[in-house]
Amino acid sequence: MLQFPIAMTPRTEPARALAWLSPVIAFALTVFTGFCLFAALGQDPVKALGVFFIAPLDSLRGWTEIAVKMTPLLLCAAGLVVCFKANVWNIGAEGQLIAGAITGGVVALACDPSWGRWYVVLVMLASAVGGAVWGGFTALLRHRFHANEILVSLMLVYVAQFLLAWCVQGPMRDPMGFGFPQTKLFETGAMLPVLEGTRLHAGALLALFSAVGVWLLMDRMALGFQFKVSGMAPFAARYAGYHPGKLIWASMLICGALAGLAGGIEASGPLGQLTPTISPGYGFAAIIVAFVGRLSPLGCIPAAFVMALFYLGGELAQSRLGLPSSITGVYQGLLLFFILACDTMIFYRLSWRGLSADAGKEVR
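Numbering (my numbering), first residue to last: 10 to 373.
Rendered as structure tokens:
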């Protein structure tokens, strides 16, 4: 095999300076890479970077749109923090979001026009229950049959997507919708309150409260301590009397409920109905948000803001500059790569181990 001269070695303790500098370095690398990328595409780099980073923030509408996109990202990421801290690798928040949207949509469609605004509370509760039940399937298969939760939760995403497609094309389709695969618009009582003149809804506050609640759970409550001990030292957790099966169930139900709530908020907030594309991949993007936030519920708030900023910046770049979605997607991926790479340097350092006499030769 070939001996690579550069190795990553663990630091004896995390680098405190890099903990503060890594976001700055990542942003600088992103700007430099974007400058080169847009120049190579024949675009004005300064204008393109302005569209990505400044244009979404130059108006009230931009800020509110970022908050709308932050909401599902933050809810899913906060739930995923619980799972990942407990060493339960739930990759299916997208499916739990869709399941919550379906159950919330069923309750929303049952709303009578004469009912008051309180009915939306039932819609949110139904969404959370739907997401929790969907997450419970993964917990059941992991706990009872020792199935790999990564594969199970991921496959259930596609089941949820097909279920949503069947619902909006079949029993829940709007009979007056000219055959389009969508439900009828929800009644006012089933809709979240919206800030006048914008699409900003009360779900944004609910997401912030949920992130704070998860922080209190993980840092101030015994159950959160059990999650962290079970994730870091499973044998020590068993010795302390913690039941791993209960922790698997608890983490999946909490994550599923928050992801399902995100789905219900999407349906009863910006969209006002169910469509086959209830989510552009928020559940998958929330995995990145959770890690960029360093698996901290409060850290997920700025991480979700950055992700939402890039979502909106990418949309503006496509409409104003004519950039294809593939290019904007690549640039979004580069930002996240630089953030994760710089965060890795907090715990690891690159070291030059030199070339031995056998370097570059095949060793048997």
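Glycine included, C-beta positions come from ideal geometry on N, C-alpha and C.
Candidates the options: closest to residue i by CA position
i      : options                        : result
Gly250 : Arg182, Gln235, Val40          : Gln235
Leu38  : Thr353, Leu345, Tyr357, Ser360 : Leu345
Phe62  : Met241, Leu318, Val138         : Leu318
Pro289 : Gly272, Trp143, Ala350         : Gly272
Glu158 : Ala169, Leu256, Ile100         : Ile100
Ala64  : Glu324, Gln341, Leu165         : Glu324
Met79  : Leu131, His210, Lys255         : His210
Pro202 : Val142, Thr18, Arg126          : Arg126
Gly342 : Trp143, Gly144, Ala294, Val91  : Ala294
Leu349 : Phe47, Gln327, Val298, Val339  : Val298
Leu50  : Thr337, Cys309, Thr21          : Thr337
Gly206 : Asp352, Gly71, Asp183          : Gly71
Gly254 : Arg153, Phe189, Ile107         : Arg153
Leu215 : Val40, Leu66, Val77, Glu22     : Val77
Asn351 : Val301, Phe187, Ser334, Cys120 : The identity of residue 351 in the sequence shown is Cys, whereas the question assumes Asn. Ranking the options by Cα distance to Cys351, first place goes to Val301.
Phe189 : Thr286, Phe41, Trp258          : Thr286
Residue i in three-state terms, based on DSSP
i      : result
Ser365 : Below a pLDDT of 50, predicted positions are generally treated as unreliable, and Ser365, at 44, falls in that range; the measurement from the model is reported next regardless. Coil.
His409 : This structure gives no information on residue 409, because the portion of the chain shown stretches from 10 to 373.
Thr73  : helix
Pro279 : helix
Pro311 : helix
Val372 : Confidence at Val372 is low in this model, with a pLDDT of 40, below 50, so the placement of that residue should be treated as unreliable; the coordinate-derived value is given next. It is coil, neither helix nor strand.
Gln178 : helix
Gly113 : helix
Met354 : coil
Trp98  : coil
Arg153 : helix
Glu324 : helix
Phe347 : helix
Met133 : helix
Asp121 : coil
Ala24  : coil
Gln191 : coil
Met185 : coil
Ala249 : coil
Ala108 : helix
Arg303 : coil
Trp29  : helix
Ser68  : coil
Pro333 : coil
Met230 : coil
Gln52  : coil
Ser3   : Nothing about residue 3 can be reported from this structure: the residues present for the chain run from 10 to 373 only.
Beta-carbon proximity of residue i to residue j, cut-off 8 Å
i      : j      : result
Val161 : Leu150 : yes
Ala156 : Cys264 : no
Ala35  : Phe347 : yes
Ile296 : Gly212 : no
Ala199 : Val129 : yes
Ser360 : Thr18  : yes
Leu118 : Trp143 : no
Leu217 : Thr73  : no
Ser31  : Met316 : no
Gly88  : Leu267 : yes
Ala246 : Ser239 : yes
Pro311 : Arg208 : no
Leu307 : Ile75  : no
Val223 : Val339 : no
Ala16  : Leu256 : no
Leu106 : Val116 : no
Gly233 : Met227 : yes
Glu22  : Cys120 : no
Gly104 : Ala26  : no
DSSP beta-bridge partners of residue i
i      : result
Ile15  : Trp361
Val203 : His210
Same chain, Cβ closer than 8 Å to residue i, neighbours up to 5 away in sequence not counted
i      : result
Leu283 : Ala110, Ile111, Gly114, Leu173, Cys176, Val177, Met181, Gln191, Thr192, Ala276
Nonlocal neighbours in the same chain, by C-beta distance under 7 Å from residue i, ignoring five residues either side
i      : result
Leu194 : Gly281, Gln282
Leu330 : Gln52, Ala57, Val60
Leu270 : Leu84, Gly109, Met133, Ser136, Ala137, Gly140
Ala313 : Met79, Leu82, Leu83, Ala86, Val298
Thr147 : Asn99, Gly101, Glu158, Val161, Ser162, Leu165, Met261
Ala48  : Pro54
Arg20  : Phe356, Tyr357, Arg358
Ser219 : Leu84, Ala87, Leu267
Ala326 : Ala57, Val60, Phe61, Leu332, Thr337
Tyr248 : none
Cys309 : Leu83, Ala86, Ala87, Val90, Ala220, Val298, Ala299, Gly302
Cβ neighbours of residue i in the same chain (closer than 6 Å, five flanking residues each side left out)
i      : result
Gly369 : Low local confidence applies: a pLDDT of 44 at Gly369 is under 50, so the model's placement there is unreliable, with the coordinate-based value given in what follows. If we look at Gly369 and ignore the five residues flanking it on each side, it has no Cβ neighbours.
Beta carbon proximity, residue i to chain C, threshold 8 Å
i     : result
Leu69 : Note that chain C does not occur in the displayed structure, where there is just one protein chain.
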